[in-house]
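Note sheet for the following structure.
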Amino acid sequence: MNQELAKMTLKEKIGQLLIAGFVGYEYNDNIKTLIEEYKLGNVVLLTKNFQNIKQFHDLCLKLYTEIQKNSKILPFMAITQEGGMVTRIVREATFFPGNMTLGATKKEYVYEVGRLMAEELFALGINLNFAPSLDINNNPDNPVIGVRSYSDNPEVVARYGLDFIRGLQSTGMIATAKHFPGHGDTDVDSHFGLPRINHSRERIEKVELVPFKKAIDEVKAIMPAHIFFQAFEENQIPVTISKKVITGLLRQELGFRGLIISDAMEMKAIIDNFGIAKGAVLALAAGQDQLIVSSNYEYQVEILQAVEQAVLDGVIPLAVIDEKVARILNYKKQLQKIYEDKFVHKKYEEKMEIILNKKSKEFVSKIVDESLTLVKGNNLNPQLSTLVLAPSPFATTVVEEDISNRSIVKALNREGFNGEAIKMSVNPNRVEIEELMDKAKNFDQVLVCTYNAAHYQGQIDLINRLSDEAMNLFVLSTKSPYDIFKFKQIENYLCLYEYTPNSVMTIVKYLQGKLKPQGKLPIALTEKIKVGASIYVGLKEYPVAKNIEYLQMLKENGIDRVFISAHIPEMNDNFVVELVEVCNKAKELDLKVILDVSRPMMEQFNIPEIYSLRLDYGFNNDEIVELCKQDKFIVELNASTITIKQLEYFKNCGVDLHKVRISHNFYPKLYTGISREEVIRRNKIFKQYGLNVMMYIPSQNQKRPPMYEGLPTIEEHRYYPLEAVLSEIRGLGIDEVFFGDCYASKEEIKMATTFDYDVVQIPIVVNKGLTEVEKELLKQEHHNRIDQPTSFIRSSCRLKTKEVKPKNTTVRKKGNVTIDNQLFARYQGEVCLMLTDLPQDDRVNVVGNIVCDIDTLTFIKPGDKFRLIIKGEK
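Quick note: the sequence shown uses numbering that gives the first Met the number 0, first residue 0, plus one each step.
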């Protein structure tokens, strides 16, 4: 290998570092120039290159032949064939299921899917697959991963992902684990911007990195993400060009020895922030082995020239280039004979037998059938007349291509069922909705097939209308299972995880009564709690310059919405100028502004461009109705004063309450905040109307004048530890939580935006002199027993091999934290939180106290996870 490397020119070496794509079904001048003049060593194939199996096969053979002829080195012939919604070979060959479809079925299927996929890809001329995605989709708002993930559970993603890798690589194919160190918890698509993840290193170790650590000894390639991870870098440096992450973490700390291949370098996350040439040089210097440029010829040439110049200028040492090329050549040497046997020398007819194998197609069809999941409610009755409403799909992200030729409606009309299928627009308008409503009245039941409904208000409006009219309604999501967040009140909800030819036929069979749902939901359908902050204007304590600096900090730490009050009695005469300046800065930072006004104050200024207008006091019902029907901003009602009678009035006046927000008041005066019970009671009412509910929590960093007592909704939260406050949010029925006080600290903001709202976290103080074993027991993640006793919260997690000696076996008081000692035999190590007073027991050590209300413990339900946060010693 060293001899081969020594013979190569610099241009030939650099040609091995690029994986280039092109547009067209035939070998063209651009790719010819790259291969002959720039010594390109690798190609990525796209849907834009696929017309049919024969054409694609011949194109791959031509590309292989030309690169082999010019470089005498096997090319990587790459593709992104994940399955499901990200499939490049879209006709004739087997249409393999996507990751979340597999996640909804049996793990035993995954290896075989990977193996069969690899054999078909080899038969077409592919030897490197940019799959699987090992991202954990724990953010329902993620615009680019979603169903490309197996699950929101790190261990499930790790197990399924590793099986897929093993299946692919059992054939000799190179698999690629992506998008390191994890693209799952973002709400920005790196094709169009630079996503950021604000989680701590500890959290990333426990979640995002888990699948990659499991795969790292076996997978042959890893693709880093175009994402900024605050735990590893500063100054908006994405992983793509981060030496700390690629070399420091991936190579040195985790010990990965395989290929590191960039995501497409023409994505906006790189182009807009660094430019293609600089980005490429930085990526290689950071430790990437190869760079992908999908189809832009000018960018490809620019990269090749920039890298060559960087080597000549000493920016990238030649030894670094040699190390990368040696690694590439090593993998190519391993591939050479396999590729020649499976593609180059194999007869075309033999390859077609693999690609057109009927058993493979039946196998994946069975998997998709078994993925159909009944999430809630009942199955529809195929004996009843059914109106099916379904849009035709189209690509919603750059990675999805050529899917518009699939149609549920056409398949149903072709195959037949008891009813009628109508194609609806992906975003139906009012006229279309009225027409569909009239049509629905003639059927016993209605099935609406949604497609990324969260992005199309028309789909949401249609389902809400059908639901409000008490139709016998069934909703089936054909891509994102999170669609249900937009119409939580529906009774019958099913999921498929891809809109593909196989899933279309699954729907046909379901409506014909030939199959019933068997799938298991691979993700938890719990909405992510949105976090906001507050800004105040017209007060000397909050100067404009400091407010703008604060907005910048909020944006950098994951906040996307701010509350501004425009009716504080103490505001100065210049508040309107300050308000406009702050609103303009928020718009520049893409922050949503919720502006709070009273009726008298509203007449004193023009409403600036905002996301939502919160109506405080002074508005009569008819004024509220009029504001709700305008479309400049969303109306936010006052949850602390609104009545059921008013909500019914608004509804009868034609207000679509699904487009209205509601928020509780904050209470500056001590002892005037409302109770948890009142918040829960009111929220249950609001949820019946489909309303999004917000409340306020105080900051302990800086209190707002003139009271300086904090701005909570719930009185008990006024001086409460933040972990305990946040732990209650989910149980209170809250969708959004805002810091009421301005200038919450960066630490508070980071805690709120990265907090795990599905795990109750209890702050405690511990006794001095605890043993390391006792501390270890307290710090583990706990699970409350399903059969919880009345006297205490009882953790089901114990360190059975560790010895706990008797110590401080005093009377147990309500709020105490205890650990059973060795005298309790098999119960040794059991951690309990006292709900009542109990007598002294020599077998039980009292080790600390909770530092929150005992009421917070009521949010830990039987079977729930909880954590104990040690805040100090006593």
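Quick reminder that beta carbons are idealized off the backbone N, C-alpha and C, glycines included. These figures come from a predicted structure and were not determined experimentally.
Under DSSP, the beta strand (DSSP E) around residue i begins and ends at which residues?
i           : result
residue 865 : 864-872
residue 449 : 444-449
residue 831 : 830-833
residue 695 : 691-696
residue 523 : Premise fails: residue 523 is in no beta strand (DSSP E) and is neither H nor E.
residue 289 : 289-292
residue 223 : 220-223
residue 535 : 529-535
residue 418 : 418-422
residue 561 : 560-564
residue 17  : 17-19
residue 383 : Residue 383 -> no beta strand (DSSP E), and no H or E assigned at all.
Kindly indicate the opening and closing residues of the alpha helix (DSSP H) around residue i.
i           : result
residue 502 : 500-510
residue 546 : 543-555
residue 759 : Premise fails: residue 759 lies in the beta strand (DSSP E), 759-765, not in any alpha helix (DSSP H).
residue 282 : 275-285
residue 110 : 107-123
residue 679 : 675-687
residue 439 : 429-439
residue 460 : 456-467
residue 492 : It is not in any alpha helix (DSSP H) - residue 492 instead sits in the beta strand (DSSP E) that spans 492-494.
residue 769 : No alpha helix (DSSP H) holds residue 769; DSSP gives it neither H nor E.
Nearest by alpha-carbon distance to residue i: which of the options is it?
i           : options            : result
residue 823 : 815, 840, 809      : 840
residue 540 : 574, 601, 524, 199 : 574
residue 601 : 585, 202, 618      : 618
residue 334 : 835, 168, 151, 244 : 168
residue 391 : 833, 423, 381      : 423
residue 206 : 154, 164, 33, 174  : 154
residue 538 : 705, 780, 869, 820 : 705
residue 238 : 732, 210, 772, 281 : 281
residue 703 : 716, 739, 679, 678 : 739
residue 769 : 869, 185, 648      : 869
residue 757 : 607, 862, 183, 350 : 862
residue 579 : 552, 872, 558, 534 : 534
Could you name the residues of the same chain whose beta carbon sits closer than 6 angstroms to that of residue i, not counting the 5 residues immediately before and after it, in chain order?
i           : result
residue 195 : 227
residue 477 : 448, 450, 495, 498
residue 661 : 636, 638, 685, 690, 692
residue 1   : none
residue 570 : 537
residue 506 : 407
residue 867 : 761, 763, 777
For residue i, I'd like the list of residues in its chain whose CB is within less than 7 angstroms of its CB, leaving aside the five on either flank, ordered along the chain.
i           : result
residue 527 : 138, 139, 140
residue 804 : 820, 821
residue 930 : Look at the range of the chain in this structure, 0 to 873, and you will see that residue 930 is not part of it.
residue 719 : 851
residue 250 : 286
Within 10 angstroms of its Cβ, does residue i collect 16 or more other Cβ (buried), or is it exposed?
i           : result
residue 503 : buried
residue 694 : buried
residue 707 : exposed
residue 344 : exposed
residue 549 : buried
residue 825 : exposed
residue 382 : exposed
residue 565 : buried
residue 377 : exposed
residue 28  : exposed
residue 254 : exposed
residue 572 : exposed
Return yes when the C-beta of residue i is under 7 angstroms from any heavy atom of the ligand GTP, and no when it is not.
i          : result
residue 54 : In the structure on display, the ligand GTP does not appear, and there are no ligands present to speak of.
For residue i, which residues from the same chain have a beta carbon less than 8 angstroms from its beta carbon, with the 5 sequence-adjacent residues on both sides left out?
i           : result
residue 248 : 180, 231
residue 633 : 610, 611, 612, 658, 659, 660
request  = Pick out the complete alpha helix (DSSP H) segments inside the segment 302-378, 4 residues or longer, and give them in chain order.
outcome  = Along the segment 302-378, the alpha helix (DSSP H) occurs as fully enclosed runs of 4 or more residues at 317-338, 347-354, 357-370, listed in sequence order.
inquiry  = My parser needs the beta strand (DSSP E) runs of 3 or more residues fully inside the segment 25-99; what are they?
reply    = Qualifying beta strand (DSSP E) stretches, in chain order: 41-44, 75-78.
key: Length-filtered (3 minimum) beta strand (DSSP E) runs lying within the segment 578-638   = Within the segment 578-638, the runs of beta strand (DSSP E) at least 3 residues long that lie entirely inside it are, in chain order, 591-596, 611-614, 633-637.
ask   = Mind pulling the alpha helix (DSSP H) runs of 4 or more residues that sit fully within the segment 132-182?
value = The qualifying runs are 153-168.
ask   = What are the start and end residues of each continuous beta strand (DSSP E) run of 3 or more residues lying completely inside the segment 721-754, in chain order?
value = If we require 3 residues or more, the beta strand (DSSP E) runs fully inside the segment 721-754 come out as 735-741.
task = Report the residue ranges of all beta strand (DSSP E) runs contained in full by the segment 791-861; include only those spanning at least 3 residues, in chain order.
result = 791-793, 815-819, 830-833, 843-849, all fully within the segment 791-861.
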